[in-house]
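As you go down the protein sequences, you meet chains A and B in turn. My numbering applies: residue 1184 is where the first sequence begins, and numbers increase by one. My numbering applies: residue 236 is where the second sequence begins, and numbers increase by one.
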Amino acid sequence: DSGVTQTPKHLITATGQRVTLRCSPRSGDLSVYWYQQSLDQGLQFLIQYYNGEERAKGNILERFSAQQFPDLHSELNLSSLELGDSALYFCASSVGGTGGKYGYTFGSGTRLTVV
Amino acid sequence: DQQVKQNSPSLSVQEGRISILNCDYTNSMFDYFLWYKKYPAEGPTFLISISSIKDKNEDGRFTVFLNKSAKHLSLHIVPSQPGDSAVYFCAASASNSGYALNFGKGTSLLVTP
């Protein structure tokens, strides 16, 4: 158990729908990162939050949004879902805002299937 | 645009031998480089890192080498063990993008007995 909790583990939904993925970071970690891993693709960085504020943005579609709440958990909202959004979505956390220097801790992911 | 590239999708090595996983990058602003290991149905786990001011970092059986002029890094595993069979991801970060990690597509390592 890495200490980063992602729910749900699996999600199946129809095109056009909206889903919310949830992440609880490790205790004491202030930063949360979201990544997407599609078939044959590496991990694509979506967005980072640090202590409730957006810190960095990657290849995140406009249909996707995220937020980090005062208790530091984060949610990734995916709307108007398309078949191509089917992927593994990982959340990671780190103590500081520069976790990419020394590594961050990943959760086990949410597998989203859009049918 | 893929700024971190792992050109070998898979590698098979015999137990006890050396495994060498390679990674190339295009962004000269990267100043931290990391390797992650991933088992099926689990998230990636951090393995080893190196900053751009060094050319080698060692941790037990794992050594990472960085060649900045060639924009190339490699992970050496010696000796390889069957439990090392996993997908290995190379990642890099830069201060001008908040140190968010850019990942390669991964290399699947199989260590055979």
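Beta carbons are placed, not taken as given, at the ideal position from N, Cα and C, and that holds for glycine.
Residue-level contact by beta carbon holds for Thr1281/A and chain B, with a gap shorter than 8 angstroms. The C-alpha of His1256/A lies about 14 angstroms from the C-alpha of Phe1289/A. At a beta-carbon threshold of 9 angstroms, the residues of chain B lying near Gly1290/A are Gly278, ordered along the chain.
Spanning the alpha carbons of Trp1217/A and Tyr1285/A requires a straight line of approximately 17 angstroms. Around the C-beta of Gly1267/A, fewer than 16 other C-beta atoms lie within 10 Å, and the residue is accordingly described as exposed. DSSP places Leu1255/A in the coil class of the three-state scheme, outside both helix and strand. Cα atoms of Ser245/B and Ser315/B: separation of roughly 15 angstroms, rounded to the nearest angstrom. Only those residues of the segment 1245-1261 of chain A whose C-beta falls short of 9 angstroms from the nearest C-beta of chain B would be listed, and there are none. Taking C-alpha positions only, Ala335/B is separated from Ser287/B by approximately 16 angstroms.
For Phe265/B, no beta strand (DSSP E) encloses it, and the DSSP letter there is neither H nor E.
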